[in-house]
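Student: As numbered in the working numbering, the sequence shown has no gaps in its residue numbers, which increase by one up to the final residue, 543.
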Amino acid sequence: MNSRAWLIKVRVTLSGDDQATRPVNVSRPFRLGERYEFRDLTPGKYRLVAKAEDGAPAVELWNQEVMIEAGKTTQLALSSANSTVSPAQFPGALPK
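Structure (structure tokens):
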């Protein structure tokens, strides 16, 4: 069995949220717990939206503003603690 098979599929989208970045709209699939990155983004303000794709409808896990600065790496700590859903509703949460 593939050891990654149990990981929740997530689609992360970055959309430009100011004049300089408005044309940018990039989206990539990942799995929770894996590292992900976007490269060569125009500096400025973005909206990050991440949705769990396992199940229907997709569940929005994060929706937040992100500032990208030229020449700097932007790291985000996305977890169940800062998700738009409660920790109990977070995908993969253990039943009580």
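We put the CB at the ideal spot given by N, CA and C, even for glycine.
1) Measure the alpha-carbon distance for Thr521 versus Ile515 and round it to whole angstroms.
2) Could you say which of Pro490, Ser474, Gln466 lies nearest to Gly518 if we only look at CA atoms?
3) What are the start and end residues of the beta strand (DSSP E) that includes Pro538?
4) Flag this pair as yes or no: are the beta carbons of Pro470 and Gly463 separated by less than 9 Å?
5) Taking the beta strand (DSSP E) that Arg475 belongs to, which residues open and close that run?
Tutor: On the basis of the coordinates in this document:
1) If you take the alpha carbons of Thr521 and Ile515, they lie about 6 Å apart.
2) Relative to the Cα of Gly518, the nearest Cα in the group Pro490, Ser474, Gln466 belongs to Pro490.
3) Counting along the chain, Pro538 falls outside any beta strand (DSSP E), and DSSP gives it neither H nor E.
4) Taking 9 Å as the cut-off, the Cβ atoms of Pro470 and Gly463 count as close.
5) Its beta strand (DSSP E) spans residues 472-478.
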